[in-house]
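Here the protein sequences line up with chains X and P, keeping their order. The numbering of the first sequence is full-length UniProt numbering, which starts it at 1 and goes up by one. The numbering of the second sequence is full-length UniProt numbering, which starts it at 1 and goes up by one. Glycine included, each C-beta is placed from N, C-alpha and C at the ideal position. Read through the structure below, which is laid out as structure tokens, and then see the notes.
Number of protein chains: 2
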Amino acid sequence: MTSWLQIPKASPFSLANIPFGIISSANAPSRVAAIAIGDHALNLSAFASSGGFAQLPAIQPHLGVFSQPTLNAFAALGRPVHRQVREYIQSVLRADTPFPQILKDNESLQKEALLPLSEVTNHLPMQIGDYTDFYAGLNHAYNLGVLLRGPDNALQPNYKHLPVAYHGRASSIVVSGTPIHRPNGQVLSNPTATPKIPTFSPCKRLDIELELAAFVSTPNKMGSPVPVNQAEDHIFGLVLMNDWSARDIQAWEYVPLGPFNAKNFATTITPWVVLIDALEPFRTANLEPANADNLLPYLREKRTDNVFDIPLEFEITNAGGPATTVSRSNAKNLLFSFPQMLAHHTITGCNLNPGDLLGSGTISGAESGTQGSMFEQTAGKNPIKLADGSERIFLEDGDTVVLRGKAGTEGNYVGFGDCSALILPAVKLDL
Amino acid sequence: MTSWLQIPKASPFSLANIPFGIISSANAPSRVAAIAIGDHALNLSAFASSGGFAQLPAIQPHLGVFSQPTLNAFAALGRPVHRQVREYIQSVLRADTPFPQILKDNESLQKEALLPLSEVTNHLPMQIGDYTDFYAGLNHAYNLGVLLRGPDNALQPNYKHLPVAYHGRASSIVVSGTPIHRPNGQVLSNPTATPKIPTFSPCKRLDIELELAAFVSTPNKMGSPVPVNQAEDHIFGLVLMNDWSARDIQAWEYVPLGPFNAKNFATTITPWVVLIDALEPFRTANLEPANADNLLPYLREKRTDNVFDIPLEFEITNAGGPATTVSRSNAKNLLFSFPQMLAHHTITGCNLNPGDLLGSGTISGAESGTQGSMFEQTAGKNPIKLADGSERIFLEDGDTVVLRGKAGTEGNYVGFGDCSALILPAVKLDL
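What follows is the structure in structure tokens.
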């Protein structure tokens with residue numbers, strides 16, 4: 001499938017993708033819906049008001065959703081509508097489009113609505129009501145378990161029976177490109193001393209966590225669990241996510257109720273939501289039998305190809321120096337699928353709303369160099385050597401971290417774009 | 001301070017209170033702001049449009065906030081405005097009001113705006129972006145610690161250094177009166193068997209947790225912590241909260257990331273937000289030196305009377321039978337104050353928004369009969385005898401639980417009203 005629009009072969013936003021986001025630009029400062037295609041964004045508000053959707057009657061009553069400052073209303077229209085809109089936009093952008101008059105031969109609409117990505121500002125794609133972070137990356141859970149408890153008890157007894165999760169902080173989720181201040185907090189300078197007396201300090205063990213995250217589209221009512229085999233239709237699409245983690249703050253605070261200040265200062269996501277439909281060609285079987293005999297029925301999926309083969313990576317750059325790819329992982333390293341996470345989340349009757357975000361948990365491979373966090377790779381003591389000759393055990397001020405992920409092959413990539421942030425020094429407090 | 005309006009002496013909504021909420025009624029089905037006074041609600045939207053605020057010039061530019069379906073915009077106006085509005089309404093309702101023409105002698109406005117509480121429907125007072133639940137009830141943390149780890153290690157090493165907390169689920173917070181389905185989930189039928197194999201079951205250890213909760217009014221920007229001595233001005237007011245807990249689901253799921261499905265099915269709050277100003281007369285010193293020498297400076301408050309003396313209780317009734325007061329506690333049983341919780345929450349730079357809710361954690365006394373949960377009182381095995389002769393270790397279907405709390409003395413109570421819910425059977429699932 002080729003486009004009449006020039007699309008760089010390495011772009012994560014090929015014609016096979018068509019992810020949705022929220023943009024503004026100097027000429028159109030209001031936030032509106034858009035799709036990404038190659039090096040461009042197509043402003044769907046401008047596209048819609050100029051008759052761009054003329055050949056898609058089903059969407060006509062809903063065109064207002066593209067002029068809203070979040071995708072929540074569009075997401076709430078449900079998966080069949082997202083699918084129709086994506087396929088229609090593909091048909092408009094195809095080299096052999098049946099509708100050349102819509103955009104291909106319409107220079108004035110191209111000028112108005114087809115904007116270079118370098119000239120648009122991305123915003124959070126959805127208003128996020130609640131954010132939940134799972135722990136479904138099997139290798140990550142194992143690696144952390146080994147570091148904390150040794151290999152014999154690395155995985156907790158519940159780990160393979162349910163997708164472990166905790167509620168996260170929604171207000172501090174920001175879009176890629178937003179700088180992050182190193183958090184201050186309570187840490188134990190000497191963890192083995194007795195009694196344990198904390199000190200107040202900037203976090204000294206600031207880490208990344210490489211995750212995927214799913215936005216909810218279709219809500220369920222309180223008291224109405226979503227069956228696992230219907231759960232995928234409640235998902236709008238996926239983004240890449242960096243679940244920043246202050247390991248030293250977490251080590252002190254997390255007993256007995258889990259991470260709190262270690263996570264609440266920031267979470268970064270990519271701005272473009274990739275529909276599950278775009279990821280269909282990359283389905284693959286789970287690492288372990290996802291529907292193992294001992295899995296309770298409410299978590300058993302009919303399909304076995306319930307995760308996606310998406311190469312993921314993260315890199316670190318300091319102060320404009322050369323970038324170092326620190327890790328290469330893959331999205332298939334999840335023990336539970338997003339439908340399983342969603343079914344588990346709602347089995348109690350918990351209600352999910354459009355815009356709720358479900359993080360996968362850190363996605364690590366099994367070998368060295370495939371870990372989705374620095375702690376796993378360095379064990380908190382063995383430095384990683386960067387291309388500029390410096391070493392890292394955890395992140396330093398001035399580091400820029402970029403997560404990336406794209407599936408497929410050259411010219412047809414389905415990817416997320418950069419999930420990037422610069423680490424700023426801790427805020428100095430006058431206490 | 002007496003009113004020209006007849007107010008029952010036992011009412012939690014005396015003239016000394018003036019709590020804010022959101023109501024609708026048969027004649028005025030749109031949600032609007034109101035205050036509670038005795039057995040009445042004063043519809044502030046109707047009051048405002050009929051010139052009720054004529055003698056309060058400062059609020060004139062903001063009258064629209066009273067016609068909104070949540071109190072978020074009113075809360076965001078800040079504490080000085082809340083204070084002015086409350087004191088003005090008190091002056092209008094006082095027996096010796098200087099403005100008798102506003103309401104006392106204005107029968108038509110009374111008829112329109114002063115509605116019997118029995119004829120109004122209460123709604124959630126705020127749109128809740130994020131909900132955080134703390135664990136600041138010292139006796140509760142100790143009691144649970146004894147049950148789980150024995151008396152020598154009951155409190156974790158971090159407990160007295162920071163207000164332990166976890167992120168909670170905002171979407172399933174409901175207003176008093178909403179029935180709650182017993183959740184289904186994974187539990188260990190035989191916790192001591194090896195290997196541990198969970199079963200799927202309705203929760204068998206459904207419990208209540210008696211808490212206070214604070215609504216945030218004034219936001220802080222990401223990266224800008226709120227100093228502890230300014231934190232109280234970021235709080236709109238307090239409600240009573242029942243943090244329903246599925247103890248058996250929690251016991252299996254909560255390692256290592258804390259409670260998730262054990263809590264996400266429902267949390268119940270009272271509809272009327274009691275301003276801190278109304279609670280001023282009930283300030284009291286903390287249980288332990290709140291500003292103990294070993295407390296880090298960012299948590300030290302100048303004032304020592306940083307908690308409130310508010311008697312609290314909960315009762316259980318089954319199927320219209322007689323009510324049994326199971327427990328009598330007091331809000332002063334908190335180790336950390338709400339300003340300390342808010343300062344700790346934001347010390348990393350985490351941003352709070354108007355409408356965010358901070359739960360206190362379960363508030364238990366030190367003696368038998370003062371525990372804020374059933375698990376603490378029964379130890380999971382010693383039944384409580386109810387007035388109808390039946391016994392309870394945990395809640396049964398058909399039980400109605402009511403939490404109550406009011407400070408002060410007859411005729412001048414400052415209270416929250418009922419925090420009530422009926423327990424419905426678990427939803428039957430077709431798996």
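In this structure, X:L210 lies away from X:F308, with their beta-carbon atoms at least 7 angstroms apart. Here X:I384 is not near X:I180, since their CB atoms are 7 angstroms or more apart. Counting the other CB atoms within 10 Å of its CB gives X:G21 a total of 16 or more, which places it among the buried residues.
Taking a beta-carbon distance threshold of 7 angstroms, P:K196 counts as an interface residue toward chain X. Note on the UniProt domain "Fumarylacetoacetase N-terminal" (16-125) of chain X: whole beta strand (DSSP E) runs with a minimum of 3 residues are 20-25, 32-37, 40-43, 114-116, 120-123, in chain order.
DSSP lists X:S329, X:G405 as the beta-bridge partner residues of X:L312.
Note that the C-beta distance between P:F134 and P:S360 is below 7 angstroms. Leaving aside the five residues that flank P:T267 on each side, the residues in its chain whose CB is nearer than 6 angstroms to its CB run, in chain order, I173, D243. Taking 7 angstroms as the cut-off between beta carbons, the residues of the stretch 128-143 of chain P near chain X are G129, D130, Y135, in sequence order.
Between P:N412 and chain X, the shortest Cβ-Cβ separation is not below 7 angstroms. Not one beta carbon of chain X lies nearer than 7 angstroms to the beta carbon of P:I363. Chain P places a beta carbon closer than 7 angstroms to that of X:W252, counting this residue as a contact. Two segments are said to touch when three or more pairs of C-beta atoms, one from each, lie closer than 8 angstroms; by this definition the stretch 103-118 of chain P touches the stretch 45-54 of chain P.
Leaving aside the five residues that flank X:G258 on each side, the residues in its chain whose CB is nearer than 8 angstroms to its CB run, in chain order, Y166. Scanning the stretch 186-256 of chain P for uninterrupted beta strand (DSSP E) segments of 3 residues or longer gives 199-202, 210-216, 235-242, listed from N- to C-terminal end.
H344, H345, I347, T348, G349, C350, N351, L352, N353, D356: these are the residues of the stretch 328-359 of chain P whose beta carbon lies less than 8 angstroms from some beta carbon of chain X, given in chain order.
When Cβ-Cβ separations below 7 angstroms define contact, X:A170 makes contact with chain P. P:T346: member of the alpha helix (DSSP H) spanning 338-346, first to last residue. At a cut-off of 7 angstroms between beta-carbon atoms, P:H167 makes contact with chain X. Apart from the 5 residues on each side of it in sequence, P:H161 sits with its Cβ closer than 8 angstroms to the Cβ of N294, L295, L296 in its chain, given in chain order. Taking all protein chains shown into account, P:D207 has 16 or more neighbouring C-beta atoms within 10 Å of its C-beta and is therefore buried. When Cβ pairs closer than 8 angstroms are counted between the two stretches, the stretch 72-90 of chain P is seen not to touch the stretch 414-429 of chain X, the count staying below three.
For the pair P:E376 and P:A246, the Cα-to-Cα distance works out to about 14 angstroms. A distance below 8 angstroms between beta-carbons, with the five flanking residues on each side excluded, links X:K406 to the following residues of its chain, in chain order: P12, I310, P311, Y413, V414, G415, F416. Judged by DSSP secondary structure, P:I276 falls within the alpha helix (DSSP H) whose first and last residues are 276-279. P:T325 has its alpha-carbon roughly 41 angstroms from the corresponding atom of P:P195.
About 6 angstroms separates the beta carbons of X:L275 and X:H82, which is inside the 8 angstroms limit, making them a contact pair. By the Cβ-count criterion, P:R149 is exposed, with fewer than 16 other Cβ atoms from all chains shown falling within 10 Å of its own Cβ. Under DSSP, no beta-bridge partner is assigned to P:G177. DSSP places X:H167 in the uninterrupted beta strand (DSSP E) bounded by 165-167. Below the 9 angstroms Cβ cutoff, chain X contributes L296, P297, Y298, I347 as neighbours of P:F200, in chain order.
Annotated three-state conformation of P:G137 is strand, per DSSP. Interface residue (Cβ-Cβ distance to chain P less than 7 angstroms): X:P98 is not classified as such. For a Cβ distance threshold of 8 angstroms, nothing in chain X lies close to P:G372: the least Cβ distance comes to about 16 angstroms.
Of the residues P:L431, P:P8, P:P19, the one whose Cα lies closest to the Cα of X:Q230 is P:L431.
Contacts with chain P at 7 angstroms (Cβ-Cβ) include X:V164.
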